[in-house]
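Asks: Sharing a structure here in structure tokens format.
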Amino acid sequence: MESSLSSSIGKGEGEGEGEGAGEGTSSSEAQTRSPKEGEKLLLTVRRLKQEGNLEPRIENMISRITELLQAKKIASEELSEIQAPEQSLQKELNGLSLEEAQVKEILSRKQETLRNLSLHCQEKEIEALRQLAMTEERKKRITKLSSNIQEERLKKRKQRTESGRQLEGMMEKHKRADTWSQEMSSSSSSHKDQLMMEERQSQEKPGSLQAQVGAWSGPEGGAEAAGASGEDTFMRSEDAAVAVQLLEEENKKATEVLEAAALHYRQLQQKYQRMKRQLEALSGKRVSQERSPEGAAGGKSSVVTKAVMEIPKKD
1 MESSLSSSIG
11 KGEGEGEGEG
21 AGEGTSSSEA
31 QTRSPKEGEK
41 LLLTVRRLKQ
51 EGNLEPRIEN
61 MISRITELLQ
71 AKKIASEELS
81 EIQAPEQSLQ
91 KELNGLSLEE
101 AQVKEILSRK
111 QETLRNLSLH
121 CQEKEIEALR
131 QLAMTEERKK
141 RITKLSSNIQ
151 EERLKKRKQR
161 TESGRQLEGM
171 MEKHKRADTW
181 SQEMSSSSSS
191 HKDQLMMEER
201 QSQEKPGSLQ
211 AQVGAWSGPE
221 GGAEAAGASG
231 EDTFMRSEDA
241 AVAVQLLEEE
251 NKKATEVLEA
261 AALHYRQLQQ
271 KYQRMKRQLE
281 ALSGKRVSQE
291 RSPEGAAGGK
301 SSVVTKAVME
311 IPKKD
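Heads up: the sequence shown begins at 1 in the UniProt record's numbering, then just goes up one per residue.
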């Protein structure tokens, strides 16, 4: 009997433990209550066996055991019902923990991206400020260059005006020089003719004088010599020698003047040809500069100045 009760109690406990093991750990109250109840039953069975009163209370014990098993089953069911939400909550907690980790990772990436964007934004702002400063500097340079270009245009315009005036003056001087060279040419020609005539006369005078002297000194010139004794005396006198010397000096001076006039005339012709070539070149440059208003007015003015400096002055 005792062995059957023990096996029944053990079987009930084994079933309860199997159900509890499938569901997880039980509460502390159910775990402490079941062993104590089993021990009490075993003690009661032993005590009744010793006393010999085991038979009358078997039914009570069986009913008691049945109640205990039912109570244990109910407790196990309640424990399962309690553990089911706990497990779901645990699963939910695990899911939330995983989601929290994912959110933290996403937050970390977002923060890193935000820092990178902040740095990039700062770099862009610095670059924008630098570009703005460069733009302002370029605007200032453009304004300065525009003013310089305007000043240079005004300067070139003044130079062109001055060059035009110089060109007109030079052309007027060229006209006067041309007229003067023609006058000088005609005057030098007449002067040359006059000098050549004087030279011929001066060359003829000593010959005629010598012929007269020879005629007077010949055998047939006795009577003429007597009539021209005064002239012979004059030709032999110092006054005649001085007159001849003066004629020779005058002839020499006339020759020198003639050579100087011829040299001066050649120089005038050379200057005239050079000025003519310069005027032709200057006219060609002026036409090219009128086609390009911003041409080299400085070179033109230098050519004009050089041409003006080379205009011969009247002696």
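Backbone N, C-alpha and C define an ideal beta-carbon position, used for all residues, glycine too.
Would you kindly work out how many angstroms separate the C-alpha atoms of K124 and S118, rounded to a whole number?
Replies: Working through the sequence shown from its first residue, we reach residue 124 at position 124. Working through the sequence shown from its first residue, we reach residue 118 at position 118. Going by the C-alpha atoms only, they are around 10 Å apart.
Asks: Check this for me: beta carbons of E198 and A254, under 7 Å apart or not?
Replies: Against the sequence shown, residue 198 aligns to sequence position 198. Against the sequence shown, residue 254 aligns to sequence position 254. A contact, by the Cβ cut-off of 7 Å.
Asks: Assign K175 to one of two classes, buried (16 or more other C-beta atoms within 10 Å of its C-beta) or exposed (fewer than that).
Replies: Working through the sequence shown from its first residue, we reach residue 175 at position 175. Label assigned to K175: exposed.
Asks: How should L79 be labelled, buried or exposed, when 16 other C-beta atoms within 10 angstroms of its C-beta is the threshold for buried?
Replies: By 1-based counting over the sequence shown, the position of residue 79 is 79. Flag for L79 reads buried.
Asks: Look at the alpha carbon of E59 and the alpha carbon of K40, and state the distance between them as a whole number of angstroms.
Replies: If you number the sequence shown from 1, residue 59 lands on position 59. If you number the sequence shown from 1, residue 40 lands on position 40. So the two alpha carbons sit approximately 16 Å from each other.
Asks: Just how far apart, CA to CA, sit E280 and Q245?
Replies: On the sequence shown, position 280 is the one that residue 280 refers to. On the sequence shown, position 245 is the one that residue 245 refers to. Taking the straight line from one Cα to the other gives about 52 Å.
Asks: From Q159 to N148, what distance separates their C-alpha atoms?
Replies: Position 159 of the sequence shown, counting from 1, holds the residue named residue 159. Position 148 of the sequence shown, counting from 1, holds the residue named residue 148. Approximately 16 Å between the Cα atoms of the pair.
Asks: Quick check: what's the CA-CA separation for M61 versus L69?
Replies: Working through the sequence shown from its first residue, we reach residue 61 at position 61. Working through the sequence shown from its first residue, we reach residue 69 at position 69. Approximately 12 Å between the Cα atoms of the pair.
Asks: For K11, is the classification buried or exposed, using 16 other Cβ atoms within 10 angstroms of its Cβ as the cut-off for buried?
Replies: For the purposes of this step, residue 11 is taken as the residue at position 11 of the sequence shown. Residue confidence for K11 is low, a pLDDT of 47 falling below 50, so the modelled location carries little weight and cannot support an answer.
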